[in-house]
Amino acid sequence: MATDIRDIIKATDAYNLHAHTQYCDGRDTMDAIAAAAQEAGMRYFAFTPHSPLPIVSPCNMDMDKVGEYYARTDKLRELYNGKMELLRSFEVDYLGPDFGPHIDWFQKAPLDFRLGSVHFVPNQEGIWFDCDGRFERFAGYVKDAYKGDLRYVVEKYFEQVLTMIERGGFDLLGHFDKIAGNASEAWPELEDEGWYEALVDDVVSHVASTDVVVEINTKAYADKGRFYPAERWWGKLIAAGVPIAFDSDAHWASKIEAGRAEAMEKFAQLKKKY
Ligand SMILES: [Zn+2]
Ligand SMILES: [Zn+2]
Numbered sequence: 000m001a002t003d004i005r006d007i008i009k010a011t012d013a014y015n016l017h018a019h020t021q022y023c024d025g026r027d028t029m030d031a032i033a034a035a036a037q038e039a040g041m042r043y044f045a046f047t048p049h050s051p052l053p054i055v056s057p058c059n060m061d062m063d064k065v066g067e068y069y070a071r072t073d074k075l076r077e078l079y080n081g082k083m084e085l086l087r088s089f090e091v092d093y094l095g096p097d098f099g100p101h102i103d104w105f106q107k108a109p110l111d112f113r114l115g116s117v118h119f120v121p122n123q124e125g126i127w128f129d130c131d132g133r134f135e136r137f138a139g140y141v142k143d144a145y146k147g148d149l150r151y152v153v154e155k156y157f158e159q160v161l162t163m164i165e166r167g168g169f170d171l172l173g174h175f176d177k178i179a180g181n182a183s184e185a186w187p188e189l190e191d192e193g194w195y196e197a198l199v200d201d202v203v204s205h206v207a208s209t210d211v212v213v214e215i216n217t218k219a220y221a222d223k224g225r226f227y228p229a230e231r232w233w234g235k236l237i238a239a240g241v242p243i244a245f246d247s248d249a250h251w252a253s254k255i256e257a258g259r260a261e262a263m264e265k266f267a268q269l270k271k272k273y
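Right, here's the structure in full:
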C-alpha cells in the first residue's frame, strides 16, 4: 500500500506527483523516467498518464494499454523496492457528470491516488475541445469553435474545474488555472479582471472545503516564467490553508525537476508573510 500523498508532501520535498511517459504524450519511457527520478534523489515518484477518454484524443492512453501500464508499474516497483516509492495514477479529465475522476471505473481502478485536471472545454453546442497545448491551435478553436467568445471559454473552463471538485473522487487538483496560459496570450489583462479573480476565489474556497491537495505545476516556468496556478494567487491558497504539492508535470526524463526548486523557494518566502 502506497503512502498517502498528503503524508508524502508533509514528509519530504523529494517527490514528484505528476509525470507523463510513452503511455500518453510523454517523450520518454517509464523506465527512463524512473531512472532519472532515482538519479535526482526522489523518494516518491508518480506516473500520471492522461487517462483513456470516451472522446477521441491523441494525447490520451488507449484503453487497451491499461493492463500493460499496470504491469510496467508493478515491474518498476519491484526494481526500485526499498530505494524509491513509485505511485500509479492517472491524470483524469472531467467531461461532465458521466466522465471524470468520480466515476466507478476510476474509483475501482488499482491506483494509489487520482489526479484531476481540466484540459477539455465544451463549446456552446456541447462539443469538447482540448484547450491545452499550442496557442495557435487554441486561438483557432476560440475563433471557429467557440464563436470568438474567449470569456465564455475561460468561464466554462472554471465551471469544469468547480464541478469536478464538487463531484470529487480525486486527491490532487492539477494546474487549476491552466486556461490562463493560452487565454492570457490573447487577452493579456485577463488575470487583472475582477470576474476572473472571482473564479479563482471560487476554486480556492471550493477546494479548501475538501481534503484535496492543490498542485503548483512548474512545467512551464523555464519557458514562460509562470506557474499554474499563477504566483499571484498563492497567497489565497496559503490563507485558505490548502495543502500544496509542487509538480513538474514532466514529459521528458531530463525535466523531472523543472521549476520545482524555484517554486518551492518562492512559496516558502511568501508563506513567511502569512
Ligand atoms: Zn494536465
Ligand atoms: Zn499532465
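Just so it is clear: in the sequence shown, position 131 is 130 by numbering that gives the first Met the number 0, and no numbers are missing.
From the three backbone atoms N, C-alpha and C, an ideal C-beta is built for every residue, glycine too.
Are the CB atoms of residue i and residue j nearer to each other than 8 Å?
i: L110; j: L171; result: no
i: R87; j: F46; result: yes
i: A252; j: A31; result: yes
i: Y43; j: E84; result: yes
i: S183; j: T217; result: no
i: A249; j: A257; result: yes
i: V152; j: I178; result: yes
i: H17; j: G173; result: yes
i: I8; j: V212; result: yes
i: N15; j: I255; result: yes
i: I243; j: F226; result: no
i: A144; j: N122; result: yes
i: F134; j: F128; result: no
i: H49; j: D24; result: yes
Name, in chain order, the residues that DSSP records as bridge partners for residue i.
i: H49; result: E90
i: W194; result: According to DSSP, which records beta bridges pairwise, W194 is partnered with nothing at all.
i: V212; result: L171
i: Y43; result: Y14, E84
i: V120; result: F128
i: G115; result: V91, L172
i: F227; result: Note that residue 227 is Tyr in the sequence shown, not Phe. The partner list for Y227 (beta bridge, DSSP) reads N216.
i: F245; result: I215
Give the single residue among the options whose Cα lies nearest to the Cα of residue i.
i: V202; options: A185, E184, L236; result: L236
i: E274; options: D210, A179, E184; result: Absent from the model: residue 274. The displayed extent of the chain is 0 to 273, so no value can be given.
i: P228; options: A31, I32, V117, D63; result: V117
i: K277; options: A238, A244, N15; result: Only positions 0 to 273 of the chain appear in this structure, which leaves residue 277 out of reach.
i: D92; options: L161, I7, G139; result: L161
i: D63; options: V55, P51, G240; result: P51
i: G40; options: K82, V55, D61, H49; result: K82
i: D176; options: E38, E261, Y156, G147; result: Y156
i: A197; options: E230, W186, P187, E154; result: E154
i: M29; options: A185, F112, L78; result: L78
Taking the C-alpha atoms as reference points, what is the distance between residue i and residue j?
i: I102; j: G168; result: 8 Å
i: Y220; j: P53; result: 31 Å
i: L189; j: E158; result: 17 Å
i: R76; j: V199; result: 38 Å
i: Y195; j: A70; result: 43 Å
i: R259; j: F245; result: 6 Å
i: T11; j: A207; result: 22 Å
i: E192; j: R150; result: 11 Å
i: W104; j: K223; result: 36 Å
i: W232; j: N59; result: 29 Å
i: G234; j: L269; result: 7 Å
i: D27; j: V141; result: 31 Å
i: Y68; j: H205; result: 33 Å
i: A36; j: T20; result: 13 Å
i: M163; j: G99; result: 7 Å
i: D148; j: N181; result: 14 Å
i: D61; j: K107; result: 18 Å
i: A262; j: K146; result: 36 Å
i: E38; j: L94; result: 37 Å
i: A33; j: V65; result: 18 Å
i: K265; j: Y273; result: 13 Å
i: W186; j: R136; result: 16 Å
i: S56; j: F112; result: 23 Å
Starting from the N-terminal end, write out each residue whose C-beta falls within a distance shorter than 6 Å of any non-hydrogen atom of ligand 1. E90, S116, H118, G173, H174
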